[in-house]
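J.: Quick note: the sequence shown, position 24, residue 24 per the working numbering, numbers continuous.
This structure is in structure tokens; I'll ask about it shortly.
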Amino acid sequence: MKQLLAIALATVSLAASAQSFPGSRPISIVVPFAAGGPTDLVARQLAESMRKAMGGSANFVVENTAGAGGTIGATKVARAAPDGHTLLLFHIGMAATPALYKKIQYKPLEDFEFLGMVNEVPMTLIGKPQLPANTYRDFENYIKANAGKLNIAHAGLGSASHLCSLMWQSAVNATEAMTTIPYGGTAPAMNALLGGQVDVMCDQTTNTTQQIESGRVKAYAVTTAKPLSGHKLLKDYPTLGEMGLKGFNLTIWHGLYAPKGTPPAVTKQLNDALKLALKDPDFVKKQEALGALIVTDNRVEPAAHKAFVAAEMAKLKPVIEAARQFAD
Ligand code: ASP
């Protein structure tokens with residue numbers, strides 16, 4: 001009897017919280033990487049557009065919980081109260097980390113409510129400005145000629161930059177040639193690159209476009225299957241496929257998630273706000289200028305995004321395993 005009463009009370013309080021959501025409490029978007037990096041940037045721009053979409057009354061805050069390739073922040077959200085006030089903005093790492101870590105504290109497909117996909121973002125292979133190579137071909141030769149002397153930075157095991165470096169290094173047989181240096185995000189990694197402490201990185205265009213444009217880093221290639229012909233700055237850079245790495249294709253994406261058990265009325269409200277935010281011309285303009293493509297229509301639906309993440313997990317597993325044969 002006591003147990004039944006407790007269940008009934010819990011149900012009533014969940015329903016009440018769904019009705020009054022978001023109320024005056026802030027909605028925190030956890031970014032599992034350092035502030036100032038590409039995931040953080042997407043989260044901050046999205047938070048502003050979702051606030052507008054919710055009539056300006058919702059108060060969004062962005063919280064950076066960096067470390068271990070995004071898995072620390074993801075664990076935090078998986079364990080948070082399922083009330084819609086703690087969300088996770090993660091990228092392809094949501095699908096890549098299970099293949100890269102022996103043990104993670106959450107199950108991507110079971111421990112979250114999927115709120116929807118946000119965008120797709122190409123990556124760029126970049127180097128510190130002091131590198132002598134100006135073209136991809138020279139860059140690859142330089143890496144091989146300087147085997148053992150160079151570093152490649154990334155945002156932690158399982159991060160997008162790590163995934164890209166694994167795939168690229170194994171494709172050119174250069175894994176032995178470089179020392180890998182992990183950071184809590186590619187914002188600090190970019191600082192190290194700008195300061196010349198690291199030599200190479202592969203990162204989202206949302207983080208690299210402005211640095212390439214101002215000549216503060218050298219760009220060698222884009223990671224997409226097709227050239228970025230629609231992008232003002234990046235249209236002239238070759239794809240890695242064109243440079244002989246047959247079939248190389250890495251486009252990362254972002255999605256928004258809530259802890260499992262968040263009431264459907266709340267997830268619906270958040271998905272509606274996400275859909276509106278993705279149509280906010282201001283958000284679209286800012287993202288497109290940085291090379292990101294906003295997701296539209298069916299792909300924003302929670303079920304479609306969940307199916308997409310499941311497919312990405314299946315696709316990435318053998319790619320990561322193949323690359324790790326060289327890395328280990
Ligand atoms: N770009 C990072 C990555 O490599 C994430 C970040 O710092 O936002 O996954």
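From the three backbone atoms N, C-alpha and C, an ideal C-beta is built for every residue, glycine too.
#1: Since Gln197 is in the beta strand (DSSP E), which residue starts that stretch and which ends it?
#2: Looking at ligand 1, does it come within less than 6 Å of Gly185, judged from the CB to the closest heavy atom?
#3: Alpha carbon to alpha carbon, how far is Gly196 from Arg44?
#4: Span of the alpha helix (DSSP H) holding Asn141?
#5: Apart from the five residues just before and just after Thr11, which ones in its own chain have a Cβ nearer than 8 Å to its Cβ?
#6: For a test of your reading of the model: does the CB of Ala330 fall under 6 Å from any non-hydrogen atom of ligand 1? Yes or no.
#7: Among Gly84, Thr175, Val77, Thr179, which has the Cα closest to the Cα of Met94?
#8: Below 7 Å CB to CB, which residues in the same chain sit around Gly247 once its five sequence neighbours on both sides are set aside?
#9: For Pro238, report the span of its beta strand (DSSP E) as first-last.
#10: In whole angstroms, what is the alpha-carbon distance linking Gly56 and Ala273?
#11: Under 7 Å Cβ to Cβ from Phe60, same chain only, skipping five residues before and after it: list those, please.
#12: Hey, could you find the ends of the alpha helix (DSSP H) Val284 is sitting in?
#13: Just tell me which of Ile92, Ala171, Thr223 has its CA closest to the CA of Lys249.
#14: In chain order, what are the residue ranges of uninterrupted alpha helix (DSSP H) at least 4 long that sit wholly in the region 43-99?
#15: If you reduce the DSSP assignment to three classes, tell me which class Trp104 lands in.
#16: Nearest to Gln210 by alpha carbon, out of Ala53, Met313, Asn151, Gly291?
#17: Could you pull the start and end residues of the alpha helix (DSSP H) that Ala265 belongs to?
#18: Along the chain, where does the beta strand (DSSP E) containing Asn330 start, and where does it finish?
T.: In terms of the structure at hand:
#1: Taken as a continuous stretch (DSSP letters only), Gln197 belongs to no beta strand (DSSP E), as it is neither H nor E.
#2: Checking the Cβ of Gly185 against ligand 1 gives yes.
#3: When rounded, the distance between both Cα atoms is 28 Å.
#4: For Asn141, the enclosing alpha helix (DSSP H) covers residues 136-145.
#5: For Thr11, the pLDDT reaches just 42, beneath the cut-off of 50, and the residue's location in the model is therefore unreliable, although a value from the coordinates is still provided. Cβ neighbours of Thr11 beyond the five flanking positions: none.
#6: Here the chain comprises residues numbered 1 to 328, so residue 330 is not present and cannot be evaluated.
#7: Out of Gly84, Thr175, Val77, Thr179, Val77 has the C-alpha closest to the C-alpha of Met94.
#8: Closer than 7 Å at Cβ, skipping near neighbours: Gly241.
#9: From DSSP, Pro238 is part of no beta strand (DSSP E); its letter is neither H nor E.
#10: Rounded to whole angstroms, Gly56 to Ala273 spans 11 Å at the Cα level.
#11: Only Pro26, Ile27, Ile29, Ala47, Met50, Arg51 meet the Cβ criterion.
#12: Unbroken alpha helix (DSSP H) run through Val284: 281-289.
#13: According to the sequence as given, residue 249 is Asn; it is not Lys. Closest option to Asn249, judged by alpha-carbon separation, among Ile92, Ala171, Thr223: Thr223.
#14: Restricting attention to alpha helix (DSSP H) runs no shorter than 4 residues, the region 43-99 encloses them at 71-78, ordered along the chain.
#15: In the sequence on display, residue 104 carries Ile and not Trp. DSSP places Ile104 in coil when its eight states are reduced to three.
#16: Comparing Cα positions, the closest option is Gly291.
#17: Where Ala265 is concerned, the enclosing alpha helix (DSSP H) stretches over 264-277.
#18: Here the chain comprises residues numbered 1 to 328, so residue 330 is not present and cannot be evaluated.
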